[in-house]
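Notes for the one structure printed next.
Numbering (the working numbering), first residue to last: 4 to 135.
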């Protein structure tokens, strides 16, 4: 009986644990030029810059969260995303309400997968035609 109670308590303890999820969001530069992506926020401490050489991938966000069973990239803290070439020329500016292909539209333009339970992978691909 003591063994049963011990096993029961351990089982209840493990079943009541919060779920753990992780997410990685990558941005792929499939253009013919090196790109600089600047994520601009009202709070300058949140500003972020990614340099992505042509045909390379950069990690945009990596999140590990206890208590969550679903994660996706978040751009809500950014007012705009500016895409530049290596000469610092602005090629494209994304805003949350920009029309067409938009980095802010996670459900429409990011490829997503769940390679294992509560492990989420996202990819945003930038092509030459996206910058025209």
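We put the CB at the ideal spot given by N, CA and C, even for glycine.
Because the structure is a prediction, the values reported are computed rather than measured.
Item	Value
Can you name the residues that DSSP bridges to residue 35?	In the DSSP output, where bridge partners are listed per residue, residue 35 has none listed.
When you compare the CB of residue 118 with every CB in chain B, is at least one pair closer than 7 Å?	Absent from the structure is chain B; it holds one protein chain and no more.
Touch check for the stretch 57 to 70 and the stretch 97 to 105: three-plus C-beta pairs under 8 Å?	no
Whole-angstrom Cβ separation of residue 24 and residue 121, contact assumed at under 8 Å?	4 Å
Which word fits residue 34, buried or exposed, when buried means at least 16 other C-beta atoms lie within 10 angstroms of its C-beta?	buried
Taking the runs of the alpha helix (DSSP H) that are 4 residues or longer, which of them lie wholly in the stretch 88 to 120?	109 to 112
Taking the beta strand (DSSP E) that residue 126 belongs to, which residues open and close that run?	122 to 129
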